[in-house]
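According to my numbering, the sequence shown holds residues 306 to 494 in order.
Accompanying notes for the structure given below.
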Amino acid sequence: MLGRKVESTRPVTLVEVKKILEQRSVEPDFGYEQQTSLDYARKLAKLTPEDATKMEKELVEEVPALRAESLVKIVDILPVHESTIGAILAKERISLSPAQNAKVLEIVAKFRTKMIAPPEPEKKEEAAKAEDASAPVEEKAAVPKKEKAEEKAEKKEAADKKDASEKKEPAEKTEKKTKSKKSAEPKSE
């Protein structure tokens, strides 16, 4: 990838990003950043490449005020509310008329029914990890927790006894002092 020239730039949908990166993933210099981008595109691409292209064309025909960047974001996000469309268009400082917003939502709704499901995570690997770690780890983890609870209870009892003995000691000392004062005083008879 190093040393390649940028011939042109254009905004592309996540579906196109996914397609491009999947083609490049077989190259030996496919980097970490590209793999991360491919994973992201796989998780969030909601339409097939054909549907995304059709949707872009329909949006361009029906709402020519949309710029390419906004078009791509609308295809990626598939907004449900007019406020979402407004948020997408806020960067470009344009706003659509209510009729244009309704047309965009109508086109999006048509393609929303064709959404593809995101890929499921590898369940076999997760099940194997859970199976390996389940029983022995739980037993080992439970024993130290139990011991810690017992230690805490013992420490609390010891602290309570110490507090109780400290409370008794001053009372005993004052009793001894009063007794010693009484014995030191001469008796008057």
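Just so you know, even glycine gets a beta-carbon here, dropped at the ideal spot from N, CA and C.
Note that the structure is a prediction, hence the values are computed from the model and not measured.
{"Query": "Roughly how many angstroms lie between the CA atoms of I325 and N406, to the nearest whole one?", "Result": "31 Å"}
{"Query": "Our contact map puts L383 next to R347 with C-beta atoms below 8 Å; I'd like the distance itself, whole angstroms only.", "Result": "17 Å between Cβ atoms; not a contact."}
{"Query": "For I421, which residues in the same chain have their Cβ closer than 8 Å to its Cβ, ignoring the five residues on either side in sequence?", "Result": "A350, K351, L352 and T353"}
{"Query": "How long is the line joining the alpha carbons of K396 and K457, rounded to whole angstroms?", "Result": "58 Å"}
{"Query": "Run through the region 348 to 425 for me and flag every whole beta strand (DSSP E) of 3 or more residues, listed as ranges in chain order.", "Result": "none"}
{"Query": "Going by C-alpha distance, which of E387, A392 and I393 is nearest E411?", "Result": "E387"}
{"Query": "With 16 as the cutoff for other CB atoms within 10 Å, does A392 come out buried or exposed?", "Result": "exposed"}
{"Query": "On the three-state DSSP scale, how would you describe R329?", "Result": "helix"}
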